[in-house]
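Written below as structure tokens is the structure these notes are about.
In this note's numbering, the protein residues as written are 165 to 351.
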């Protein structure tokens, strides 16, 4: 039998970005030995995701769009026996989606578990949105002279972190670095 993606903590589904919607189905998922009870309610069909924060600030994570009642928990830790609970929500009456808000730190890894009360099975949705998202310049063509390195300069807010990313298809992005300051230079 094939395992459900994200069923085990060590095989968490990796997500990335400032605003994310991930869909899954917990049909056939299980609870691991030693796994915490999420949202303070016994479930039985948990799925796991992992996310590295691309910035500092507030973030909202919810199960809005899920077709079954949900339990949501956010953890830090690299194994089931070292997890530290940051926040959790058990949804509510009439199968209200679970939702949590918390502060994140740049490049810190967070793990999310979605379970369902009494082991209900079906489609699940994980939504994540950081409160402040970067300004994205879709096309940037720095000038270069033959035989020299290229350089990008910009003016911005003195307390904001800026990240330079490149893409060949505007779908997949690679970071070239980041800087903080009112005047930034990438080279």
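Glycine residues also receive a C-beta, built at the ideal position from the N, C-alpha and C atoms.
Exposure of residue i, with buried meaning 16 or more beta-carbon neighbours within 10 Å
i, result
"residue 341", "exposed"
"residue 239", "buried"
"residue 266", "exposed"
"residue 334", "exposed"
"residue 279", "buried"
"residue 191", "exposed"
"residue 167", "exposed"
"residue 274", "buried"
"residue 227", "buried"
"residue 243", "exposed"
"residue 302", "Note that residue 302 scores 44 on pLDDT, short of 50, meaning its location in the model is unreliable and no value can be drawn from it."
beta-carbon residue i near the ligand SAM non-hydrogen atom, thresh 8 Å
i, result
"residue 210", "This structure simply doesn't include the ligand SAM, nor any ligand for that matter."
Alpha-carbon to alpha-carbon, residue j and residue i
i, j, result
"residue 291", "residue 206", "22 Å"
"residue 343", "residue 197", "43 Å"
"residue 336", "residue 215", "17 Å"
"residue 182", "residue 288", "20 Å"
"residue 233", "residue 180", "25 Å"
"residue 241", "residue 195", "18 Å"
"residue 172", "residue 255", "22 Å"
"residue 252", "residue 338", "32 Å"
"residue 178", "residue 204", "25 Å"
"residue 281", "residue 270", "33 Å"
"residue 208", "residue 185", "23 Å"
"residue 193", "residue 272", "27 Å"
"residue 202", "residue 286", "17 Å"
"residue 230", "residue 284", "12 Å"
"residue 293", "residue 225", "7 Å"
Best match in the options for proximity to residue i [C-alpha to C-alpha]
i, options, result
"residue 409", "202, 200, 211, 282", "Since the first residue shown for the chain is 165 and the last is 351, residue 409 is missing from the structure and cannot be characterised."
"residue 249", "281, 270, 277", "277"
"residue 268", "203, 217, 282, 255", "217"
"residue 174", "187, 204, 245", "245"
"residue 295", "264, 338, 189", "264"
"residue 262", "272, 235, 247", "235"
"residue 247", "187, 199, 176", "199"
"residue 213", "176, 286, 189, 283", "176"
Does the region 216-228 touch the region 328-338, meaning 3 or more C-beta pairs lie closer than 8 Å? Put simply, the region 328-338 does not touch the region 216-228. Fewer than three CB pairs are less than 8 Å apart.
At 4 residues or longer, what runs of the alpha helix (DSSP H) sit wholly inside the region 200-225? Counting whole runs of 4 or more residues, the region 200-225 contains no alpha helix (DSSP H) stretch at all.
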